[in-house]
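> First the structure, then my questions, so here it is.
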Amino acid sequence: MVTASLPTERVVYEVLPFDPSTMSPNLDAVNSTYLVVPSRDKSYQLILEYVADHLQTKQDHRSFEVDAGKKKLNFWDEDEDHTDDPDNKKTSTLRAGYGAHHFKWNDHQLICLRQQIGQPVGTDREAVRMENVVLLYPKVHAENILHGFVDAVVAAAEATRKGFISIFQWNVDCEYWRDAQKARARPIESVILPRATKAKLIDDLDDFVSDDTKAFYAHHGIPYKRSYLFYGVPGTGKTSLIQAMGGQYERNLYFLQPTHPKMTDDSLRAAIEKVPRKSIIVLEDIDALFDKDRRKKVEQSPLTFSGLLNALDGVGSPDGHIFVLTTNFRDQLDDALIRNGRVDVHVAFEHTTDEQMEAMFVSFYPGEKDGKAFATALTAALGSRKMSMAALQDYFVTQRRKSAAEAIANVGEVVRELDERQKEADEEAARAEEEDEEEGDNEENDRR
Numbered sequence: 001m002v003t004a005s006l007p008t009e010r011v012v013y014e015v016l017p018f019d020p021s022t023m024s025p026n027l028d029a030v031n032s033t034y035l036v037v038p039s040r041d042k043s044y045q046l047i048l049e050y051v052a053d054h055l056q057t058k059q060d061h062r063s064f065e066v067d068a069g070k071k072k073l074n075f076w077d078e079d080e081d082h083t084d085d086p087d088n089k090k091t092s093t094l095r096a097g098y099g100a101h102h103f104k105w106n107d108h109q110l111i112c113l114r115q116q117i118g119q120p121v122g123t124d125r126e127a128v129r130m131e132n133v134v135l136l137y138p139k140v141h142a143e144n145i146l147h148g149f150v151d152a153v154v155a156a157a158e159a160t161r162k163g164f165i166s167i168f169q170w171n172v173d174c175e176y177w178r179d180a181q182k183a184r185a186r187p188i189e190s191v192i193l194p195r196a197t198k199a200k201l202i203d204d205l206d207d208f209v210s211d212d213t214k215a216f217y218a219h220h221g222i223p224y225k226r227s228y229l230f231y232g233v234p235g236t237g238k239t240s241l242i243q244a245m246g247g248q249y250e251r252n253l254y255f256l257q258p259t260h261p262k263m264t265d266d267s268l269r270a271a272i273e274k275v276p277r278k279s280i281i282v283l284e285d286i287d288a289l290f291d292k293d294r295r296k297k298v299e300q301s302p303l304t305f306s307g308l309l310n311a312l313d314g315v316g317s318p319d320g321h322i323f324v325l326t327t328n329f330r331d332q333l334d335d336a337l338i339r340n341g342r343v344d345v346h347v348a349f350e351h352t353t354d355e356q357m358e359a360m361f362v363s364f365y366p367g368e369k370d371g372k373a374f375a376t377a378l379t380a381a382l383g384s385r386k387m388s389m390a391a392l393q394d395y396f397v398t399q400r401r402k403s404a405a406e407a408i409a410n411v412g413e414v415v416r417e418l419d420e421r422q423k424e425a426d427e428e429a430a431r432a433e434e435e436d437e438e439e440g441d442n443e444e445n446d447r448r
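Read in the UniProt record's numbering, the sequence shown has 35 at position 35, and its numbers run on one by one without any break.
This is the structure:
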């Protein structure tokens, strides 16, 4: 029996979808119900994690795999300093290994069989075999129980906990969203932007998530989604704001790497279609893909410009998505990529203003009234130099044991640090230029 109306690619079988010798000899295969979940289904990894945590007997603990030591997702801009919170770290994930596992869900005794199917696909060390999971309930006509279990596991993973958000990364090889980590939501108030910029963004988001806006979109047949372009100077809080948006609107974050060498048009479309309703989809450094003439910047990338546009248009994807595209170079983007209707709101991130200097001073020294004095002193010390919010935050971290008056008096340290970094950057650029010239001379000599 094939259930065509299922929301994912799960299929219920009346014939055995596995080798009976891998199961208990006491299994009554004729009077059982099976649900097959392919590895590309978003529930696949979640099922394996649930089963590993709910095994019934000691012998069921014989096969595991551990996902540990994964690189921590960076929610902050590259040069933005922050303190790691232990609650934000993903330690390890235990998943059921290959073979049959007995577990319990809602007083139902279930069996999970993880197996490899078919012949290896690919070449050499990249060859992989497809996998699936067979869920078994030892009674007939139990489809609702099996689907109920899968839906419950997915719902639990996608639910947001007050004050926390989940961060997902797209696994291109197996085409599923990997739950990379749980993170404490950053308060929106902690992201310091110019008041007008922040107010415009929050007002727009508040309006989008309202019930009457959703009804308006539905009435006029408009896809219910909203897209934002965060552009400007590095280290000014783009990624921090995205994380704060997730907490403010209780939406999980889904990070895509469109420059991945295996990210095809189909893979990108599948990724967006599998994102749950009311989520935030993030495509960082969107300028790294194509130039203004739509030429690829990453030659090995199979993603096409039209494929990117179609994915951003969200055709066939669930309602309620918020897209955030980030770039340091808006002027390098093709106009079609950021036209009205595809990108609704442009949010500029610029070098630190006096207003932001004052606001950050007050945030680190609450109750103090010297914010304007700090901004005046820092602006005078900087002269014509520009400063990012990440650099300013780093200064306050170094001054955390100092008084407000000392923080004002020590602003010269900011200038010295900026000058030192600029000197290092100039020296590195000079070395790179020398290496390029040397390489060119060698090529010329070879031709002779």
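Glycine residues also receive a C-beta, built at the ideal position from the N, C-alpha and C atoms. Being a predicted model, the structure only gives us computed values, none of them experimental.
MET360 bridges to which residues according to DSSP?
Beta-bridge pairing links MET360 to no other residue.
> Whose C-beta lies closer than 7 Å to the C-beta of LYS238 among residues of the same chain, with five residues either side of it excluded?
Excluding sequence neighbours, LYS238 sits near ASP77, PHE230, THR326, PHE349.
> Where does HIS141 sit, in a helix, a strand or coil, going by DSSP?
Reduced to three states, the DSSP call for HIS141 is coil.
> Using the C-alpha atoms, what's the distance from GLY97 back to residue 449?
Since the first residue shown for the chain is 1 and the last is 448, residue 449 is missing from the structure and cannot be characterised.
> Could you check the C-alpha separation between PRO366 and ARG421 for me, to the nearest Å?
So the two alpha carbons sit approximately 30 Å from each other.
> Go through the UniProt domain "AAA+ ATPase" (224-353) residue by residue and report every complete run of the beta strand (DSSP E) that reaches 3 residues or more, in order.
You should have 225-232, 253-256, 280-283, 321-327, 345-349.
> DSSP puts PHE216 in a beta bridge; with which residues?
Answer is none; PHE216 lacks a bridge partner.
> Among the candidates CYS112, LEU113, ILE111, MET130, whose CA atom is the shortest distance from the CA of PRO120?
Answer by Cα proximity: MET130.
> Checking the sheet assignment: what are the DSSP bridge partners for ALA431?
According to the sequence as given, residue 431 is Arg; it is not Ala. None, per the DSSP bridge assignment.
> Is DSSP giving TYR365 helix, strand or coil here?
TYR365: coil per DSSP, three-state reduction.
> Going straight from the alpha carbon of SER43 to that of ASP285, what length do you get?
Rounded to the nearest angstrom, the two C-alpha atoms are 29 Å apart.
> From this set, VAL37, ASN26, SER24, which residue's C-alpha is nearest PRO17's C-alpha?
Here the closest residue by C-alpha is VAL37.
> Helix, strand or coil: how does DSSP classify GLN399 here?
If DSSP states are grouped into helix, strand and coil, GLN399 belongs with coil.
> Assign ILE222 to one of three DSSP states: helix, strand, or coil.
Looking at ILE222 - three-state DSSP - the assignment turns out to be coil, as it is neither helix nor strand.
> Is the separation between the beta-carbon of ASP179 and that of PHE168 shorter than 8 Å?
Taking 8 Å as the Cβ cut-off, ASP179 and PHE168 qualify as a contacting pair.
> Quick one, which of ALA359, HIS346, GLU434 has its alpha-carbon nearest ASP228's?
Checking the sequence shown, residue 228 turns out to be Tyr, not Asp. With distances taken between Cα atoms, TYR228 lies closest to HIS346.
> Under DSSP, the beta strand (DSSP E) around ASP179 begins and ends at which residues?
Note, ASP179: beta strand (DSSP E), 176-184.
> Under DSSP, the alpha helix (DSSP H) around LYS198 begins and ends at which residues?
Looking at the DSSP string, the run of the alpha helix (DSSP H) that includes LYS198 is 195-208.
> Buried or exposed for LYS274, going by 16 or more other Cβ atoms inside 10 Å?
LYS274 comes out buried.
> Decide if THR22 is buried, meaning its Cβ has at least 16 other Cβ atoms within 10 Å, or exposed.
Label assigned to THR22: exposed.
> Taking DSSP as the reference, what is the three-state secondary structure of TYR98?
Residue state, collapsed to three classes: coil.
> Using the beta-carbon count (16 or more within 10 Å), is VAL30 buried or exposed?
Its Cβ having fewer than 16 others within 10 Å, VAL30 is exposed.
> Taking the alpha carbon of SER384 as the reference point, which residue from ALA159, GLY371, LEU418 has its own alpha carbon closest?
Ranking the options by Cα distance to SER384, first place goes to LEU418.
> Mapping DSSP to helix, strand and coil, what is ARG114?
Note: ARG114 maps to strand in three-state DSSP.
> Given that a residue counts as buried once 16 or more other Cβ atoms are within 10 Å of its Cβ, and exposed if not, what is PHE216?
Exposed, by the Cβ-count rule.
> Give me the Cα-Cα distance between VAL324 and PRO25, rounded to the nearest whole angstrom.
Cα to Cα, VAL324 sits roughly 53 Å from PRO25.
> Would you call the region 193-205 and the region 360-374 in contact, with 3 or more CB pairs under 8 Å?
Taking 8 Å as the limit for Cβ pairs, the verdict is that the region 360-374 does not touch the region 193-205.
> State the CB to CB distance for the pair GLN115 and VAL134, rounded to an integer number of angstroms; the pair is presumed to be in contact (CB under 8 Å).
Confirmed, about 7 Å.
> Starting from LEU382 and walking both ways along the alpha helix (DSSP H), at which residues does that stretch end?
Per DSSP, LEU382 belongs to the alpha helix (DSSP H) from 371-382.
> LEU35 by DSSP, collapsed to three states: which one?
LEU35: strand per DSSP, three-state reduction.
> Is VAL414 buried or exposed, if buried means 16 or more other CB atoms sit within 10 Å of its CB?
Under this definition VAL414 is a buried residue.
> Alpha carbon to alpha carbon, how far is GLU435 from ASN310?
Approximately 41 Å between the Cα atoms of the pair.
> So, is ALA336 buried or exposed, given that buried needs 16 or more other C-beta atoms within 10 angstroms?
Exposed is the call here.
> Considering just the uninterrupted stretch of the alpha helix (DSSP H) at ILE47, what are its terminal residues?
Here the alpha helix (DSSP H) through ILE47 covers 44-53.
> On the criterion of 16 or more Cβ atoms from any shown chain inside 10 Å, does residue 481 qualify as buried, or is it exposed?
Because the chain here runs from 1 to 448, residue 481 falls outside it and cannot be looked at.
> So, at 6 Å on beta carbons, what are the nonlocal neighbours of GLN356 in its own chain, with the 5 sequence-adjacent residues on each side left out?
Taken in chain order, the residues that qualify are ILE192.
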